[in-house]
Amino acid sequence: MQSLDATDLAIIKYLQDNARSSYQEIATRIGVSRVTVNERIRKLIESEVIEGFHARINARQIGYPVTAIVGLVTVQGDKAYRTIEELKHIPEVEEAHVVTGQYDYLVKIRAQDNEDLQRILFAKIDQIYGFRRAETMVVLSSPVEKCGIDIRQVSNYLWEDTNELQEEKISLLTQNPQDATDR
């Protein structure tokens, strides 16, 4: 596990809130130089703490308002890598997880409507190698949908040192980025 300090965590928090923040904007908000932010982000990318920068798309706004979670069961002894490769090639599959319990996989699918969902299930999911059965749950609403992890949740385990500057950064982590610019 990568050891992170308060500066790293503050940078990660701001990038999660707005990946379009400039290095200078982040530097100003957390009280370090732009060069420090640049170097820290480079190291976070190299160490794979940061895996990429993404736009969060509202699926409803681009014609995919239906979300379904599909629990897949495959034949015993199925080659997981083959199933995963097939799931990767289905464009409507947003996420796929290998899980414990009654299913082998939980798959999140986006569809244009119920007919489209049915087409995806019958023409694509049912054709997966080793497929045995599926249970589909249509999502009615998503009251909690996060992108990233709450840095405050993990910060207690990752702090390297404690000092006054760190305490100030901790308080920045609990603020909304908009609040920080209002001061």
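If you use this note's numbering, the sequence shown corresponds to residues 10 to 192, in order. Each residue gets a CB set at the ideal place from its N, CA and C atoms; glycine is no exception. These figures come from a predicted structure and were not determined experimentally.
Can you pull the DSSP bridge partners for F131? Its beta-bridge partners do not exist; DSSP assigns none.
Does the beta-carbon of S12 have 16 or more other beta-carbons within 10 angstroms, so that it is buried, or is it exposed? So S12 counts as exposed.
Does the distance from the CB of G72 to the CB of Q127 come in under 8 Å? no
Given this structure, state the Cα-to-Cα distance separating E104 from A77, to the nearest angstrom. Their backbone Cα atoms lie some 11 Å apart in a straight line.
With DSSP collapsed to three states, give me the class of V44. helix
Quick one: grab the DSSP three-state call for I160. If DSSP states are grouped into helix, strand and coil, I160 belongs with the helices.
Exposure label - D191; buried when at least 16 CB within 10 Å: Per-residue confidence for D191 stands at a pLDDT of 45, beneath the threshold of 50, marking its modelled position as unreliable; no derived number is given.
Could you give the residue range of the beta strand (DSSP E) that holds Y114? Y114 to A120
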